[in-house]
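Per the working numbering, the sequence shown starts with residue 500, numbered consecutively. Note that beta-carbon positions come from the ideal geometry of N, C-alpha and C, so glycine has one too.
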Amino acid sequence: MSTAIPRSRMIFKVLVIGRDLPLQTGFLNRVSGKRVTNQLYNTLGVSLGIAQNEEHNDVSTVLQLWSLPLDERLNGITKTFIKGHRGAIAIVKPDELENIHSLLRIFYVQPGANLVIVVVGNVQGLEPELLVRIPFNEDSLDVHTTATAEDVISILSRQLRKKNKSNEEKITVIFMDESQCPLFEQVIISHPEPQCSDQEIDEIRSILIHQGIRVADDSCFVELAEGTAWISLRTGTVRLEPIICNYCEHDCKRQTNICIIAVDTGWATQEIGQRALLTTAKILALSDRNLPSHVEMQLQRASSCTRFKLDPDLFDEEIPTEITSPQIRSAFIRKTLLEVASERVKDGRLP
């Protein structure tokens with residue numbers, strides 16, 4: 500009777516970094532399957548996942564994946580999450596290759612055998628041309644083409660398992676078709692919740708109209724600098740339609756859920772319940788712009804986009820100052836790696 504040899508387990512913390520947060524988060528979700536959480540995505544841009552590699556006979560390799568945002572406002576928090584990492588996966592698009600050094604510096608990632616650079620896009624047949632644009636000596640690169648997302652995990656796992664690494668070991672570069680790395684879109688899982696009654700909705704509508712807030716059927720909307728916030732009077736859910744979507748050449752118009760955490764208790768002279776009280780409080784807080792910091796951060800993140808391109812068919816007089824002014828526009832359009840790195844150099848935070 501034979502006895503199965505128990506498998507040992509090796510666990511490594513690995514960063515997933517890049518300039519396009521939905522792209523790198525999509526990669527993390529692809530390789531992690533069901534072992535993933537995106538609860539911090541809306542507030543901090545952080546996602547966590549677990550990828551496991553079993554190809555070695557007696558060792559199970561577990562990669563604890565941390566997808567972190569390139570966001571100057573979250574620099575302090577991100578620096579804390581970086582600690583203790585053993586490897587990194589840089590998810591980049593072809594037009595971002597020249598700035599790979601800046602990306603690595605910002606996340607304190609050392610180029611070496613435990614770094615995998617994944618170039619995502621329509622890259623078939625363009626590999627030789629793109630390799631020239633990578634700011635590393637071509638002899639120091641281990642290049643893989645037509646690879647899958649799972650291949651990335653397998654290759655990095657083998658590198659991390661090696662006990663003796665020499666300085667001559669190469670950086671892994673993987674060219675991957677964009678179909679292997681779909682953009683992440685957060686799925687809102689709705690649970691049955693208590694809803695406001697028709698009588699309560701009538702009372703809320705009366706309060707809002709008295710406050711000068713516009714109401715449409717069972718919803719109301721509040722105009723913010725970041726876009727239009729729609730609030731359901733029946734459920735209290737809040738969604739933001741970013742202003743930049745109105746002036747973008749892409750068709751991916753979006754509505755982002757905004758979470759406003761509060762205790763739904765209180766009192767009122769009218770006969771309305773706690774859900775109706777909370778809904779009214781949310782709307783008035785948005786209208787007065789009297790919001791907690793975590794809600795402000797959600798609004799800022801929801802109103803910025805790495806894919807934004809100004810619609811060339813628009814006339815100048817149709818475009819508001821929020822979009823055309825460089826000072827104000829920076830709040831809506833995320834900075835390039837070069838801009839972020841230049842600011843860090845000026846502040847003395849980057850060698």
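Local Cβ density within 10 Å of residue i, reported as buried at 16 or more and exposed below that
i: glutamine 679; result: buried
i: alanine 724; result: exposed
i: aspartate 701; result: exposed
i: arginine 518; result: buried
i: arginine 529; result: buried
i: arginine 738; result: buried
i: threonine 645; result: exposed
i: leucine 602; result: buried
i: arginine 788; result: exposed
i: arginine 733; result: buried
i: proline 741; result: buried
i: threonine 778; result: buried
i: glycine 735; result: buried
i: glycine 525; result: buried
i: serine 802; result: buried
i: isoleucine 827; result: Low local confidence applies: a pLDDT of 41 at isoleucine 827 is under 50, so the model's placement there is unreliable, and no value is given.
i: threonine 577; result: buried
i: isoleucine 510; result: exposed
i: leucine 625; result: exposed
i: serine 705; result: exposed
i: asparagine 552; result: buried
i: threonine 579; result: exposed
Closest Cα partner of residue i within the set the options
i: alanine 648; options: Arg604, Ile757, Ala589 and Glu684; result: Ala589
i: aspartate 641; options: Ile673, Leu732, Lys661 and Val619; result: Ile673
i: isoleucine 730; options: Cys744, Asn745 and Ala780; result: Ala780
i: arginine 632; options: Val619, Ile599 and Arg788; result: Ile599
i: leucine 798; options: His709, Gly726 and Asp750; result: Gly726
i: isoleucine 743; options: Ser531, Glu795, Asp716 and Thr805; result: Thr805
i: lysine 512; options: Gly611, Val622, Glu637 and Gly583; result: Gly583
i: asparagine 574; options: Asp594, Val545 and Ser559; result: Val545
i: phenylalanine 807; options: Ser507, Leu625 and Arg753; result: Arg753
i: arginine 800; options: Tyr540, Gly532 and Arg534; result: Tyr540
i: aspartate 697; options: Asn636, Gly772 and His643; result: Gly772
Test item: CB-CB of residue i and residue j under 8 Å
i: leucine 527; j: leucine 564; result: yes
i: isoleucine 516; j: phenylalanine 606; result: yes
i: leucine 655; j: glycine 711; result: no
i: leucine 514; j: leucine 567; result: yes
i: leucine 864; j: valine 618; result: With the chain covering only 500 through 850, there is no way to say anything about residue 864.
i: cysteine 695; j: isoleucine 782; result: no
i: threonine 536; j: leucine 543; result: no
i: alanine 468; j: isoleucine 757; result: Because the chain spans 500 through 850 in this model, residue 468 falls outside it and cannot be assessed.
i: serine 786; j: valine 714; result: no
i: asparagine 613; j: leucine 659; result: yes
i: asparagine 621; j: glutamate 699; result: no
i: asparagine 790; j: tyrosine 746; result: What sits at residue 790 in the sequence shown is leucine, not asparagine. Their beta carbons are not under 8 Å apart, which means leucine 790 does not touch tyrosine 746 by this criterion.
Unbroken beta strand (DSSP E) run spanning residue i, endpoints
i: glycine 586; result: 586-591
i: lysine 512; result: 507-517
i: valine 672; result: 670-675
i: phenylalanine 720; result: 718-723
i: leucine 562; result: 558-566
i: arginine 738; result: 737-741
i: valine 619; result: 614-619
Where the alpha helix (DSSP H) containing residue i begins and where it ends
i: isoleucine 730; result: Counting along the chain, isoleucine 730 falls outside any alpha helix (DSSP H), though it belongs to the beta strand (DSSP E) covering 726-731.
i: valine 651; result: 648-660
i: proline 521; result: 520-531
i: isoleucine 576; result: 574-581
i: alanine 550; result: Here alanine 550 belongs to no alpha helix (DSSP H); instead the beta strand (DSSP E) covers 546-552.
i: isoleucine 757; result: Not the alpha helix (DSSP H): isoleucine 757 falls in the beta strand (DSSP E), residues 755-757.
The segment 642-657 touching the segment 594-608, judged by at least three CB pairs closer than 8 Å | no
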